[in-house]
Amino acid sequence: MAYAIARLKKLKRGNISGSASHTARERETPNADPTQKNIRFIGSLNPEERLEDLVLAKIGDSEQKRKIRTDAVYCVELLLSASPSYFRPNCPTQAGYYEPQKLDEWLEATHQWLADEYGNRIVRAELHLDEATPHIHAYFVPLDDEGQLRCNHFFDGRQKIHEFQDSYYQTMRLIGLERGIRGSKAQHQDIKDFYRIVEEGRDLEVDELSAAQLKAKAADRDRANQRKQEMEATAKALSLENDQLRRRIEQLEQDNQSIKKVTEWSTDLALDDVAWELGLWRKGNEWVGGNHIINIDASQFTDFSNGSSLGGNSAIDLVKHVNQCNQTTAIAWLGERFGEVGAKRAAIAHAQKVAADIIQTQPVPQFTPPIEDKANWSGVEHYLTQKRGIPSDCVQMLHNQGLVYADSKANVVFVMRDLNGKTKGAFLEGAVNNFSGYELGTVRRDSWFYFTLGKKPNEQTSTVVLSFSPIDAISVAMLEYQVKGIPENRTVYMAADDTSNLPVERLRNVAHVQVAFSQPTVARAVKELLPHSTQLKCESRDWNTQLINFSHQLQQRYSQQKHEELEL
Numbered sequence: 028m029a030y031a032i033a034r035l036k037k038l039k040r041g042n043i044s045g046s047a048s049h050t051a052r053e054r055e056t057p058n059a060d061p062t063q064k065n066i067r068f069i070g071s072l073n074p075e076e077r078l079e080d081l082v083l084a085k086i087g088d089s090e091q092k093r094k095i096r097t098d099a100v101y102c103v104e105l106l107l108s109a110s111p112s113y114f115r116p117n118c119p120t121q122a123g124y125y126e127p128q129k130l131d132e133w134l135e136a137t138h139q140w141l142a143d144e145y146g147n148r149i150v151r152a153e154l155h156l157d158e159a160t161p162h163i164h165a166y167f168v169p170l171d172d173e174g175q176l177r178c179n180h181f182f183d184g185r186q187k188i189h190e191f192q193d194s195y196y197q198t199m200r201l202i203g204l205e206r207g208i209r210g211s212k213a214q215h216q217d218i219k220d221f222y223r224i225v226e227e228g229r230d231l232e233v234d235e236l237s238a239a240q241l242k243a244k245a246a247d248r249d250r251a252n253q254r255k256q257e258m259e260a261t262a263k264a265l266s267l268e269n270d271q272l273r274r275r276i277e278q279l280e281q282d283n284q285s286i287k288k289v290t291e292w293s294t295d296l297a298l299d300d301v302a303w304e305l306g307l308w309r310k311g312n313e314w315v316g317g318n319h320i321i322n323i324d325a326s327q328f329t330d331f332s333n334g335s336s337l338g339g340n341s342a343i344d345l346v347k348h349v350n351q352c353n354q355t356t357a358i359a360w361l362g363e364r365f366g367e368v369g370a371k372r373a374a375i376a377h378a379q380k381v382a383a384d385i386i387q388t389q390p391v392p393q394f395t396p397p398i399e400d401k402a403n404w405s406g407v408e409h410y411l412t413q414k415r416g417i418p419s420d421c422v423q424m425l426h427n428q429g430l431v432y433a434d435s436k437a438n439v440v441f442v443m444r445d446l447n448g449k450t451k452g453a454f455l456e457g458a459v460n461n462f463s464g465y466e467l468g469t470v471r472r473d474s475w476f477y478f479t480l481g482k483k484p485n486e487q488t489s490t491v492v493l494s495f496s497p498i499d500a501i502s503v504a505m506l507e508y509q510v511k512g513i514p515e516n517r518t519v520y521m522a523a524d525d526t527s528n529l530p531v532e533r534l535r536n537v538a539h540v541q542v543a544f545s546q547p548t549v550a551r552a553v554k555e556l557l558p559h560s561t562q563l564k565c566e567s568r569d570w571n572t573q574l575i576n577f578s579h580q581l582q583q584r585y586s587q588q589k590h591e592e593l594e595l
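Each residue of the sequence shown is one higher than the last, beginning at 28 in this note's numbering.
As structure tokens, this is what we get:
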């Protein structure tokens with residue numbers, strides 16, 4: 028198993044230059060390969076720029092309200108890496124080697140984590156490739172939201188260190204790394220001691236051992252390694268179980284508090300208490316006074332005076348009935364008698380009952396799609412084929428299926444449906460202007476623009492490709508079609524511009540989910556919701572641009588081929 032590695036070292040002002048000398052390779056590093064170049068991906072490449080000056084300048088951006096102590100932490104060095112088995116899974120012992128794709132994925136994820144977590148407070152970050160395993164040294168100036176130097180705010184105590192490591196792990200797990208055991212007692216050797224041992228051991232010779240002795244030592248080593256792996260697996264399982272239990276307890280405590288508050292605020296005032304405040308008095312099982320004979324049964328009341336049977340089901344209804352007032356006056360009266368909290372409780376309970384009655388009795392408004400204007404279809408078709416580069420056969424197919432048409436304003440209407448095929452919305456894109464947006468009334472949480480391709484249209488969906496917009500969804504489909512032809516298995520191309528409206532439960536049951544979002548943050552959010560998903564990499568600014576460029580290349584290739592045939 029490969030682990031995410033996150034360590035830190037607090038630097039006082041006097042330690043900054045020494046740390047910078049090591050990471051910038053300004054002094055000899057015994058186990059570093061001088062032929063390999065390290066990469067500074069945050070900060071200036073100017074060799075004359077001193078790390079200490081960067082740190083002091085960042086601190087000086089805001090006036091410090093307190094004098095900085097001489098022993099204060101000015102900077103925190105973050106060491107970020109992963110187990111060798113992540114970078115080189117087939118040969119973890121081959122120091123210095125790494126698979127480029129693995130390195131790129133880890134570097135991109137770590138760079139984004141640094142930006143999301145610390146922003147411009149990271150004044151320098153370098154990727155080291157000249158040692159056994161790739162790793163990053165990043166320098167963080169611990170300024171709080173008000174610009175004050177406060178290292179303790181970020182890294183004071185074991186709990187905050189765990190939070191720092193948890194934060195890094197939450198990002199790294201998306202690329203397949205695991206978290207180390209929480210609270211591990213493992214001792215990490217100081218880098219200076221490691222280099223000293225390397226220097227001292229250069230001239231040592233291996234003792235002469237017989238073949239039998241070597242075999243015995245190898246057997247001992249194998250047994251020790253096996254036991255170590257078993258203990259590590261057991262400890263890892265216990266650690267994960269403890270983490271899950273801890274999170275479950277925290278969640279239950281939060282849920283308990285939330286339920287308690289909701290219950291308290293949604294419970295109406297006792298009608299007996301309200302009747303007493305209204306000046307009624309109890310006579311047997313009834314409340315009487317002012318020509319009222321009121322029977323109260325829990326949250327219901329009925330007035331039997333004058334042979335009638337008027338009633339209600341809330342404190343506000345009772346006050347309105349007895350005092351012959353409107354709802355505003357009734358709430359004000361309750362506020363005077365039961366205080367602001369009591370009046371709010373009564374108002375919330377009354378509103379919930381009214382809302383429940385409306386939901387149960389009133390018809391739900393249905394979405395009305397834009398009216399089709401066939402006279403504008405030729406202009407919309409021209410826009411899709413000529414400006415957007417979508418093959419005319421595809422446009423005609425979607426039009427025949429009723430998924431794309433023109434409205435009275437010459438907008439392209441992309442029909443949005445629920446997973447049962449019912450129309451519940453529409454996305455509009457102007458063919459003669461830059462307008463784009465949803466038709467009013469669109470049910471965005473339960474409808475999407477999607478279509479299906481595949482040689483076996485009646486089989487179960489095996490692949491879903493998620494894109495940001497209808498144009499992107501069509502473009503991805505056409506790019507795949509031009510390269511591979513019609514998909515062998517049933518493939519759904521779906522547009523969803525927000526992770527909050529993804530049909531996650533249905534997508535979890537689809538074998539292959541491909542993410543074609545060009546925005547890295549959205550792609551990572553989808554990966555978190557759907558860990559089995561894979562990302563498609565766009566080579567242009569968006570998928571439609573890539574489709575247009577690819578179509579131009581095909582046309583040029585075709586023209587060149589025709590020209591060569593004519594010459595023959």
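Ideal placement from N, C-alpha and C gives every residue a C-beta, glycine not left out.
No experiment lies behind these values; they were computed from the predicted model shown.
Roughly how many angstroms separate the alpha carbons of residue i and residue j, rounded to a whole number?
i           : j           : result
residue 614 : residue 370 : Only positions 28 to 595 of the chain appear in this structure, which leaves residue 614 out of reach.
residue 218 : residue 56  : Summary for residue 218: the model assigns pLDDT 47, below 50, so the residue's position carries little reliability, and this model does not support an answer.
residue 62  : residue 38  : 29 Å
residue 510 : residue 585 : 15 Å
residue 423 : residue 417 : 10 Å
residue 226 : residue 265 : Low local confidence applies: a pLDDT of 46 at residue 226 is under 50, so the model's placement there is unreliable, with the coordinate-based value given in what follows. When rounded, the distance between both Cα atoms is 39 Å.
residue 525 : residue 290 : 32 Å
residue 419 : residue 560 : 31 Å
residue 555 : residue 358 : 47 Å
residue 46  : residue 531 : 46 Å
residue 201 : residue 437 : 43 Å
residue 582 : residue 49  : 54 Å
residue 519 : residue 90  : 56 Å
residue 222 : residue 286 : Per-residue confidence for residue 222 stands at a pLDDT of 47, beneath the threshold of 50, marking its modelled position as unreliable; no derived number is given.
residue 440 : residue 412 : 15 Å
residue 426 : residue 550 : 30 Å
residue 337 : residue 346 : 13 Å
Measuring CB to CB, does residue i end up less than 8 Å from residue j?
i           : j           : result
residue 394 : residue 482 : no
residue 31  : residue 206 : yes
residue 343 : residue 373 : yes
residue 400 : residue 434 : yes
residue 7   : residue 353 : This structure does not reach residue 7, given that the chain is present from 28 up to 595, and the question cannot be answered.
residue 503 : residue 537 : no
residue 563 : residue 534 : no
residue 195 : residue 33  : yes
residue 198 : residue 136 : yes
residue 101 : residue 188 : no
Reducing DSSP to helix, strand and coil, say where residue i ends up.
i           : result
residue 415 : coil
residue 359 : helix
residue 6   : No answer is possible for residue 6: it lies beyond the span of the chain, which begins at 28 and ends at 595.
residue 329 : strand
residue 37  : strand
residue 424 : helix
residue 474 : coil
residue 586 : helix
residue 465 : strand
residue 94  : coil
residue 185 : helix
residue 174 : coil
residue 230 : Confidence at residue 230 is low in this model, with a pLDDT of 44, below 50, so the placement of that residue is unreliable and no value is reported for it.
residue 259 : helix
residue 78  : helix
residue 83  : helix
residue 196 : helix
residue 124 : coil
residue 486 : coil
residue 53  : coil
residue 479 : strand
residue 63  : coil
Under 8 Å, with one C-beta from each stretch per pair, do the region 110-117 and the region 174-184 reach the 3-pair mark? Contact between the region 110-117 and the region 174-184 is not established, with fewer than three Cβ pairs separated by less than 8 Å.
Three or more beta-carbon pairs under 8 Å between the region 559-574 and the region 482-500, yes or no? Yes, they touch.
Please go through the region 488-545 and give each complete alpha helix (DSSP H) segment of 4 or more residues, from N-terminal end onward. Runs of the alpha helix (DSSP H) inside the region 488-545: 497-511 and 531-534.
Does the count of Cβ pairs from the region 452-460 and the region 404-411 closer than 8 Å reach three? Touching, per the Cβ criterion.
The region 139-156 / the region 74-86 touching (three or more Cβ pairs under 8 Å): Flag = yes, the region 139-156 and the region 74-86 touch.
Stretch-stretch touch, CB-based, cutoff 8 Å, three pairs: the region 154-171 with the region 573-580: Fewer than three beta-carbon pairs drawn from the region 154-171 and the region 573-580 are found closer than 8 Å, and the two stretches are therefore not classed as touching.
As an exercise, report each continuous alpha helix (DSSP H) stretch of at least 4 residues that is fully enclosed by the region 337-413, in chain order. Runs of the alpha helix (DSSP H) inside the region 337-413: 342-350, 354-388 and 404-409.
Taking one C-beta from the region 322-338 and one from the region 301-314 each time, how about it: are there three or more such pairs within less than 8 Å? Contact holds: three or more Cβ-Cβ distances are below 8 Å.
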